[in-house]
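The structure appears right after this line, and notes come after that.
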Amino acid sequence: MKTILYILLFLGVSFSGKAQDTSPKNLFNQATQAYADEAYDKAIATYNQLLEQGQTSAALYYNLANAYYKLNQVAESIYYYEKALQLSPNDKDIHNNLSFAKNMALDAIEEQPKTGLTRIYDKLSSIFDTTTWAWLSILFMLLGSLCIGVYFFTGSSFKKRLFFSFSMLSFFLGVLTSVVAFQQQQYLQANTYAIVFEEEVSVKSEPNNSSSNAFLLHAGTKVEVLDSFNTFVKIALADGREGWITEKAVKQL
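Under UniProt numbering, the first residue of the sequence shown is numbered 1, with each subsequent residue one higher.
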């Protein structure tokens with residue numbers, strides 16, 4: 001009986017140890033340690049285990065991108081830096097490392113010039129992600145409602161004017177931030193981006209292999225996906241060029 005008990009206890013410890021080893025926290029720590037030990041392949045494999053478990057975070061994508069960058073895998077590193085930016089758009093480290101990774105890519109794509117107002121709006125709206133803008137909208141609306149409440153219950157005419165002004169400002173900011181949140185959400189839903197993963201791929205003028213080559217793209221280039229037809233997707237570059245590319249040549253963000 002004691003022997004059976006010891007066996008059961010041993011098996012219980014073994015199973016709990018294995019379960020603990022595959023917990024997200026332990027896997028993340030293992031991957032981070034592997035990266036510190038310069039075992040980048042092991043770090044990548046472990047970070048990918050976390051992705052297979054459904055784990056997502058800016059830190060996870062960022063660390064995975066760093067590991068790919070160390071192995072000079074341009075497309076993979078750019079892809080995961082972009083994924084990290086989607087969750088943390090104002091992280092300076094991610095932006096800096098993405099710039100370094102883009103320098104390794106062969107294609108130098110110059111963006112089309114934007115108007116001054118568009119640049120200012122893009123810069124301001126990118127300060128927060130959609131969720132944060134939505135929460136700010138709710139916060140300003142609640143603050144405006146609170147100020148209105150104080151306005152009705154205060155007896156001082158000065159305080160009435162003050163809190164009425166605060167309420168109008170809060171409601172205005174609430175509407176403004178909700179518009180930004182809505183536009184960001186619409187933009188994310190309407191615009192799909194991808195990274196080229198093939199070392200070199202011909203962009204076609206039409207969605208078939210027999211059509212003429214429009215231009216060449218290389219691994220790591222970011223494209224916007226406009227449409228799809230059979231095994232092809234229509235893509236656009238930041239410089240305005242468009243064409244058709246095989247679906248397997250890119251990985252959508």
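Where a beta carbon is used, it is the ideal one built from N, C-alpha and C, also for glycine.
Next on the checklist: With a threshold of 8 Å on Cβ separation, who are the neighbours of residue 243 within its own chain once the five nearest residues in sequence on each side are excluded?
Outcome noted: In the sequence shown, residue 243 corresponds to position 243, counting from 1. Same-chain partners within the cutoff: 203, 204, 205, 214, 215, 234, 235.
Checklist entry - For residue 101, is the classification buried or exposed, using 16 other Cβ atoms within 10 angstroms of its Cβ as the cut-off for buried? => result The residue you call residue 101 lines up with position 101 of the sequence shown. So residue 101 counts as buried.
Checklist entry - According to DSSP, what are the bridge partners of residue 228? => result As a first step, residue 228 is located in the sequence shown; it is residue number 228 there, counting from the start. For residue 228, which the question treats as bridged, DSSP gives the partners 233.
Item to check | Residue environment, residue 140, which counts as buried when at least 16 other CB atoms sit within 10 Å | outcome: Translated into the one-based positions of the sequence shown, residue 140 becomes position 140. Its Cβ being crowded by 16 or more others within 10 Å, residue 140 is buried.
Item to check | Inter-residue spacing [alpha-carbon to alpha-carbon] between residue 154 and residue 56 | outcome: Position 154 of the sequence shown, counted from the first residue, corresponds to residue 154. Position 56 of the sequence shown, counted from the first residue, corresponds to residue 56. If I take the Cα positions, the gap works out to 48 Å.
Checklist entry - How many Å lie between residue 131 and residue 84 at the Cα? => result Residue mapping note: residue 131 aligns to position 131 of the sequence shown, counting from 1. Residue mapping note: residue 84 aligns to position 84 of the sequence shown, counting from 1. The alpha-carbon atoms of residue 131 and residue 84 are separated by roughly 15 Å.
Checklist entry - alpha helix (DSSP H) containing residue 138: first to last residue? => result Here residue 138 refers to the residue found at position 138 when the sequence shown is read from its first residue. Unbroken alpha helix (DSSP H) run through residue 138: 130 to 153.
Checklist entry - For residue 87, which residues of its own chain have a beta-carbon under 6 Å away from its beta-carbon, when the five flanking residues on both sides are left out? => result One-based indexing of the sequence shown puts residue 87 at position 87. So the list reads 58, once near-sequence residues are dropped.
Next on the checklist: Using a Cβ distance threshold of 8 Å, determine whether the stretch 144 to 154 contacts the stretch 94 to 110, with at least three qualifying pairs required.
Outcome noted: no
Item to check | Own chain partners of residue 64 with C-beta closer than 7 Å, once the 5 adjacent residues on each side are dropped | outcome: Here residue 64 refers to the residue found at position 64 of the sequence shown. So the qualifying residues of the chain are 44, 47, 80.
Item to check | Beta-carbon spacing of residue 196, residue 250 below 8 Å | outcome: Numbered from its first residue, the sequence shown carries residue 196 at position 196. Numbered from its first residue, the sequence shown carries residue 250 at position 250. A contact, by the Cβ cut-off of 8 Å.
Item to check | Buried/exposed call for residue 262, threshold 16 Cβ in 10 Å | outcome: It is not possible to answer for residue 262, since the shown part of the chain is limited to 1 through 253.
Checklist entry - Which word fits residue 167, buried or exposed, when buried means at least 16 other C-beta atoms lie within 10 angstroms of its C-beta? => result Residue numbering aside, residue 167 sits at position 167 when the sequence shown is read from its first letter. Buried: at least 16 other Cβ atoms inside 10 Å.
Item to check | Reduced DSSP secondary structure (H/G/I, E/B, other) of residue 126 | outcome: Locating residue 126 in the sequence shown gives position 126, counting from the first residue. If DSSP states are grouped into helix, strand and coil, residue 126 belongs with coil.
Next on the checklist: Please report the straight-line C-alpha distance between residue 269 and residue 50, rounded to a whole angstrom.
Outcome noted: With the chain covering only 1 through 253, there is no way to say anything about residue 269.
Next on the checklist: Please report the straight-line C-alpha distance between residue 258 and residue 240, rounded to a whole angstrom.
Outcome noted: Limits of the chain in this structure are 1 at one end and 253 at the other, which puts residue 258 out of reach.
Checklist entry - What does residue 194 pair with, by DSSP beta-bridge criteria? => result Numbered from its first residue, the sequence shown carries residue 194 at position 194. For residue 194, which the question treats as bridged, DSSP gives the partners 223, 252.
Next on the checklist: If you follow the alpha helix (DSSP H) that residue 32 is in, where does it begin and where does it stop?
Outcome noted: Position 32 of the sequence shown holds residue 32. Where residue 32 is concerned, the enclosing alpha helix (DSSP H) stretches over 24 to 36.
Next on the checklist: Buried or exposed, going by whether 16 or more other CB atoms sit within 10 Å of the CB of residue 36?
Outcome noted: Here the question's residue 36 lines up with position 36 in the sequence shown. Exposed, because fewer than 16 other Cβ atoms sit within 10 Å of the Cβ of residue 36.
Item to check | Coil, strand or helix - residue 83 by DSSP | outcome: For the purposes of this step, residue 83 is identified with residue 83 of the sequence shown, where counting begins at 1. Correct three-state label for residue 83: helix.
Checklist entry - Can you pull the DSSP bridge partners for residue 202? => result Residue mapping note: residue 202 aligns to position 202 of the sequence shown, counting from 1. 216, per the DSSP bridge assignment.
Next on the checklist: Which residue wins for smallest C-alpha separation from residue 182, given the options 133, 118, 111?
Outcome noted: One-based indexing of the sequence shown puts residue 182 at position 182. When each option's Cα is compared against that of residue 182, the closest is 133.
Next on the checklist: DSSP three-state label for residue 46, please.
Outcome noted: Along the sequence shown, read from residue 1 onward, the residue named residue 46 stands at position 46. Three-state result, residue 46: helix.
Next on the checklist: For residue 78 and residue 245, I'd like the C-alpha separation in whole angstroms.
Outcome noted: Indexing the sequence shown from 1 puts residue 78 at position 78. Indexing the sequence shown from 1 puts residue 245 at position 245. Taking the straight line joining both Cα atoms gives about 19 Å.
Checklist entry - residue 194 to residue 82, Cα distance in whole Å? => result Mapped onto the sequence shown, residue 194 falls at position 194. Mapped onto the sequence shown, residue 82 falls at position 82. Distance between the alpha carbons of residue 194 and residue 82 is about 10 Å.
Checklist entry - Since residue 109 contacts residue 27 with CB under 8 Å, what's their CB separation in whole angstroms? => result Locating residue 109 in the sequence shown gives position 109, where the first residue counts as 1. Locating residue 27 in the sequence shown gives position 27, where the first residue counts as 1. Not a contact, Cβ separation roughly 36 Å.
Checklist entry - Exposed or buried, which one is residue 156 when buried takes at least 16 other CB atoms within 10 Å? => result Here residue 156 refers to the residue found at position 156 when the sequence shown is read from its first residue. So residue 156 ends up on the exposed side.
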